[in-house]
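S.K.: Count along the sequence shown starting at 1, add 1388, and that's the number in the numbering used here.
I'd like to ask you about the structure that follows.
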Amino acid sequence: MGAAKIEHAVVIVGGGPTGLMLAGELALAGVDVAFVARRASLELAGSRAGGLHARTIEVLDQRGIADRFLSEGQKAQVAAFAAVPLDISDFPTRHNYGLGLWQNHIERILAGWVAELAVTIHRGIEVTGIAQDAGGVDVALSGGGALRAQYVVGCDGGRSLIRKAAGIEFPGWDPSVSNLIAEVEVAGEPKWGIHRDAVGVHGFGKLSYEIRDGEVVYLDGGPARVMVTERHVGSPGEPTLRDLSDALVDVYGTDYGIHSPTWISRFTDMARQAASYRNGRVLLAGDAAHVHYPAGGQGLNLGVQDAVNLGWKLAQVVKRTSPESLLDTYHAERHPVAATVVRNTMAQVALLRTDDRTNALRDTISRLLGMDEPRKRLAADMSGLGIHYDLGDGHPLIGRRMPDLDLITADGPLRVFTLLHEARPVLLNLGEPGSLDITPWVDRVRVVDAKHAGTWELPALGAVAAPDAVLIRPDGYVAWVGGVTQPGLADALTIWFGPAAA
Ligand SMILES: Cc1cc2nc3c(=O)[nH]c(=O)nc-3n(C[C@H](O)[C@H](O)[C@H](O)COP(=O)(O)OP(=O)(O)OC[C@H]3O[C@@H](n4cnc5c(N)ncnc54)[C@H](O)[C@@H]3O)c2cc1C
């Protein structure tokens, strides 16, 4: 690596949804961040993820950018388990729904937000290797360039070079199901919709749509999105039009005259998770840290939320307001969340089998999920609204998302999420105004005196006792809850936002 190295505090490898979100989070925190993206443009071959779950919409709302996504997508009840719908319209959140929006639009909107912030962007360049030492990480680039960073975050997808270069194990399960997915022109009239047979689940959907009066209206003509289960797992190489045609003929007896593909890809139910999300100065987020079957539409959501968990922590470590050990909480909190998703996708794959016994089992599960309590529990998992980081015992809010309550403050009414737009921690005092003195942390933590008139309710848990004060992290999770007295506040401030200023 002889070339001159441009230095940054953080280099993000990969400009997918995870890398983009992390770049935005670090820039908001005032960190010198660059990202390196292999793709020269924002064009994404294929539509991949179909939308956002409620907690991701909330996370975007916490940064004041949810409307950019909501205005381009279609609100819908998207949560489902093994294709059994899970309605969350009775959940206590402003976003009691999911959003149908293709991944290429999600990435474009995120990139638009990142472009408004101070992020150095290297597009059309690939990271070819990294080498870390005690003081930083050297990043080798295609074309012979090089960067140097205090920390590198691999947001470079399931085949992550960064994960491999950092020597991080990726244990898990080999695939048992293989699907081809493609966007193609179709000469004939295919059987639109989802079909199940002895081979598996298959489907044809229209891709072109317009939003008319707030409703998605699919248009005739234009390319189709095809998904077909392959009879055999483990075909080598990149899939071709011939592979797709053969698989369709195997299932439907015809390939409906498919031609002119713009995207053909293969995905399986391989389920793997990085054994550690960090090795020294190298961290992993998104698909680089976990891969699984797309059932339930959770992967992109996980990655965006990994980024929001990591961003503020990495920023504080880079600025030396917090010790490096704060980064270990990233793995401690996010690894279990993805492990739960990996397990639920494995369960869904099992339930999506098409033999009579599995069909009978899915009917039973479907009946169970028709009951309120099981539906709420699982829907809280699938939507991300039930995430609970293990931050210790006490009030049920600790480690859970702060609800977006309506507050009355000296400056007038506002929503809790508005306080999080700048990704800074907030100590919300709902008790006696001025009763919380955190002078040694005022440079880092904003104190807001406010009143809230309504009840406090959490998804799946129901009503919880109204607290007198809550310490909210920049990612919107509650780190500490206070009563009439305030034991533990100084400890919580130190753990999460660094030692008291002298
Ligand atoms: C068919 C299908 C349907 C899906 N549906 C959903 C859904 O409905 N909801 C959902 O939440 N998720 C869904 N997913 C999963 C979702 O697409 C992924 O979880 C998501 O894209 C992960 O984002 P990421 O940023 O972590 O990684 P990626 O999107 O893989 O981005 C990684 C980026 O890094 C770049 N890169 C890789 N290596 C390098 C390198 N060495 N140097 C520079 N750049 C590099 C790549 O070009 C890429 O742009 C689906 C996936 C598939 C396949």
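Just so it is clear, CB atoms sit at the ideal spot from N, CA and C, and this is done for glycine as well.
Taking Cβ to Cβ, would you say Leu1629 is nearer than 9 Å to Trp1884?
M.R.: Looking up residue 1629 in the sequence shown gives position 241. Looking up residue 1884 in the sequence shown gives position 496. Against a cut-off of 9 Å, the Cβ pair of Trp1884 and Leu1629 comes out as no contact.
S.K.: Buried or exposed: where does Pro1363 fall if 16 or more other Cβ atoms within 10 Å of its Cβ makes it buried?
M.R.: Given that the chain is displayed from residue 1389 to residue 1890, the structure contains no residue 1363 and the question cannot be resolved.
S.K.: Check each candidate in Arg1666, Asn1732, Leu1671 and Ala1663 and name the one with the smallest Cα separation from Ala1683.
M.R.: Walking along the sequence shown from the start, residue 1683 turns up at place 295. Taking only the C-alpha atoms, the option nearest Ala1683 is Asn1732.
S.K.: Could you pull the start and end residues of the alpha helix (DSSP H) that Asn1732 belongs to?
M.R.: Stepping through the sequence shown from its first residue, residue 1732 is reached at position 344. Taken as a continuous stretch (DSSP letters only), the alpha helix (DSSP H) holding Asn1732 covers Asp1716 to Leu1739.
S.K.: Along the chain, where does the beta strand (DSSP E) that runs through Ser1648 open and close?
M.R.: The residue given as residue 1648 occupies position 260 in the sequence shown. That run of the beta strand (DSSP E) goes Ile1646 to Thr1656.
S.K.: Would the stretch 1429-1447 count as touching the stretch 1479-1487 if we require 3 or more Cβ pairs under 8 Å?
M.R.: Yes, the stretch 1429-1447 is in contact with the stretch 1479-1487.
S.K.: Alpha carbon to alpha carbon, how far is Val1696 from Tyr1539?
M.R.: Here residue 1696 refers to the residue found at position 308 of the sequence shown. Here residue 1539 refers to the residue found at position 151 of the sequence shown. One C-alpha to the other measures close to 16 Å.
S.K.: Under a three-way DSSP split, which group does Tyr1640 fall into?
M.R.: Sequence index remark: in the sequence shown, residue 1640 carries index 252 (1-based). In the structure shown, Tyr1640 sits in a helix (DSSP, three-state: H, G or I).
S.K.: If Leu1595 and Ala1612 are in contact, beta carbons under 8 Å, what's the gap, nearest whole angstrom?
M.R.: Walking along the sequence shown from the start, residue 1595 turns up at place 207. Walking along the sequence shown from the start, residue 1612 turns up at place 224. Indeed, because the Cβ distance is near 6 Å, the residues count as touching under 8 Å.
S.K.: Rounded to a whole number of angstroms, what is the C-alpha to C-alpha distance between Arg1547 and His1493?
M.R.: By one-based count along the sequence shown, residue 1547 stands at place 159. By one-based count along the sequence shown, residue 1493 stands at place 105. Roughly 23 Å between the two C-alpha positions.
S.K.: Roughly how many whole angstroms lie between the Cα atoms of Ser1771 and Asn1689?
M.R.: Here the question's residue 1771 lines up with position 383 in the sequence shown. Here the question's residue 1689 lines up with position 301 in the sequence shown. Their Cα atoms are separated by approximately 9 Å.
S.K.: When the Cα of Thr1717 is compared with those of Gly1641, Leu1671, Val1730 and Val1447, which residue comes out closest?
M.R.: Translated into the one-based positions of the sequence shown, residue 1717 becomes position 329. Nearest of Gly1641, Leu1671, Val1730 and Val1447 to Thr1717, Cα basis: Leu1671.
S.K.: Tell me the DSSP secondary structure of Glu1571 in three-state form.
M.R.: If you number the sequence shown from 1, residue 1571 lands on position 183. Strand at Glu1571.
S.K.: Among the residues of its own chain, which have a CB less than 8 Å from the CB of Lys1579, if the five just before and after it don't count?
M.R.: If you number the sequence shown from 1, residue 1579 lands on position 191. Same-chain partners within the cutoff: Phe1592 and Tyr1640.
S.K.: Helix, strand or coil: how does DSSP classify Lys1839 here?
M.R.: By one-based count along the sequence shown, residue 1839 stands at place 451. Looking at Lys1839 - three-state DSSP - the assignment turns out to be strand.
S.K.: Does Phe1479 come out as helix, strand or coil in the three-state DSSP assignment?
M.R.: The residue labelled residue 1479 in the question sits at position 91 within the sequence shown. Three-state result, Phe1479: coil.
S.K.: Using a Cβ-based criterion (distance less than 8 Å to any ligand heavy atom), does Gln1462 qualify as near ligand 1?
M.R.: Here residue 1462 refers to the residue found at position 74 when the sequence shown is read from its first residue. Not so, every heavy atom of ligand 1 lies at least 8 Å from the Cβ.
S.K.: Report the option in Asp1744, Leu1766, His1723 and Gly1758 whose CA atom is closest to the CA atom of Ala1735.
M.R.: Your numbering for residue 1735 matches position 347 in the sequence shown. Here the closest residue by C-alpha is Leu1766.
S.K.: Below 9 Å between beta carbons: does that hold for Leu1498 and Leu1408?
M.R.: Reading the sequence shown from its first residue, position 110 is the one you call residue 1498. Reading the sequence shown from its first residue, position 20 is the one you call residue 1408. Contact: yes.
S.K.: Is the closest heavy atom of ligand 3 to the C-beta of Asp1675 under 8 Å?
M.R.: This structure simply doesn't include ligand 3; it includes ligand 1 instead.
S.K.: Kindly indicate which residue of Pro1791, His1783 and Val1836 has the alpha-carbon position closest to the one of Thr1797.
M.R.: As a position in the sequence shown, residue 1797 is number 409, starting the count at 1. Looking at the Cα atoms, Val1836 is the closest of the given residues.
S.K.: Excluding the 5 residues preceding and the 5 following Gly1886 in the sequence, name in chain order all residues of the same chain whose CB lies nearer than 6 Å to its CB.
M.R.: The residue given as residue 1886 occupies position 498 in the sequence shown. Taken in chain order, the residues that qualify are Thr1709 and Ser1710.
S.K.: Report yes if the C-beta of Asn1732 is less than 8 Å from at least one heavy atom of ligand 1; otherwise report no.
M.R.: The residue you call residue 1732 lines up with position 344 of the sequence shown. No; taking the cut-off as 8 Å, the Cβ of Asn1732 has no heavy atom of ligand 1 nearer than that.
S.K.: Regarding Gly1693 and ligand 1, is the C-beta to nearest heavy atom distance less than 8 Å?
M.R.: Here residue 1693 corresponds to residue number 305 of the sequence shown, with the count starting at 1. The question names Gly, but residue 1693 in the sequence shown is Gln. The answer is no for Gln1693.
S.K.: Would you check whether ligand 1 has a heavy atom nearer than 8 Å to the C-beta of Glu1514?
M.R.: Along the sequence shown, one-based indexing puts residue 1514 at 126. Within the cutoff, so yes.
S.K.: Looking at ligand 1, does it come within less than 8 Å of Ala1528, judged from the CB to the closest heavy atom?
M.R.: Numbered from 1 along the sequence shown, position 140 holds the residue referred to as residue 1528. No, ligand 1 has no heavy atom inside 8 Å of this Cβ.
S.K.: Please say whether Gln1693 and Val1447 have beta carbons closer to each other than 9 Å?
M.R.: Against the sequence shown, residue 1447 aligns to sequence position 59. Against the sequence shown, residue 1693 aligns to sequence position 305. Yes, the Cβ-Cβ distance between Val1447 and Gln1693 is below 9 Å.
S.K.: From Glu1495 to Lys1839, what distance separates their C-alpha atoms?
M.R.: Position 107 of the sequence shown, counting from 1, holds the residue named residue 1495. Position 451 of the sequence shown, counting from 1, holds the residue named residue 1839. Looking at the two C-alpha atoms, the distance is approximately 37 Å.
S.K.: Per DSSP, which residues does Gly1581 bridge with? Please list them.
M.R.: Start at 1 with the first residue of the sequence shown, and residue 1581 comes out as number 193. BP columns for Gly1581 point to Phe1592.
S.K.: In or out: Leu1881 buried (at least 16 other Cβ within 10 Å) or exposed?
M.R.: For the purposes of this step, residue 1881 is taken as residue 493 along the sequence shown, with counting starting at 1. When all chains shown are included, Leu1881 counts as buried.
S.K.: Please state if the CB of Arg1482 and the CB of Arg1427 are separated by a distance shorter than 9 Å.
M.R.: What you label residue 1427 is simply residue 39 of the sequence shown in a count that begins at 1. What you label residue 1482 is simply residue 94 of the sequence shown in a count that begins at 1. No, the pair does not count as a contact, with Cβ atoms beyond the cut-off.
S.K.: Where does Val1637 land, buried or exposed, given buried means 16+ other C-beta within 10 angstroms?
M.R.: Within the sequence shown, numbered from 1, the residue matching residue 1637 stands at position 249. Val1637 is exposed by the Cβ-count criterion.
S.K.: Output needed for Leu1779: all residues of its chain with C-beta closer than 7 Å, excluding positions within five of it in sequence on either side, in chain order.
M.R.: Here residue 1779 is taken as the residue at index 391 of the sequence shown, counted from 1. Only Ile1786, Gly1787 and Ala1867 meet the Cβ criterion.
S.K.: Would you call Glu1571 buried or exposed, if buried means 16 or more other Cβ atoms sit within 10 Å of its Cβ?
M.R.: Against the sequence shown, residue 1571 aligns to sequence position 183. Buried, because 16 or more other Cβ atoms sit within 10 Å of the Cβ of Glu1571.
S.K.: Say the cut is 8 Å; is the CB of Leu1440 nearer than that to a heavy atom of ligand 1?
M.R.: On the sequence shown, position 52 is the one that residue 1440 refers to. Because some heavy atom of ligand 1 lies under 8 Å away, the Cβ of Leu1440 counts as near it: yes.
S.K.: Would you decide whether Arg1451 is buried or exposed? Buried here means 16 or more other CB atoms lie within 10 Å of its CB.
M.R.: Here residue 1451 refers to the residue found at position 63 when the sequence shown is read from its first residue. Per the 10 Å Cβ criterion, buried.
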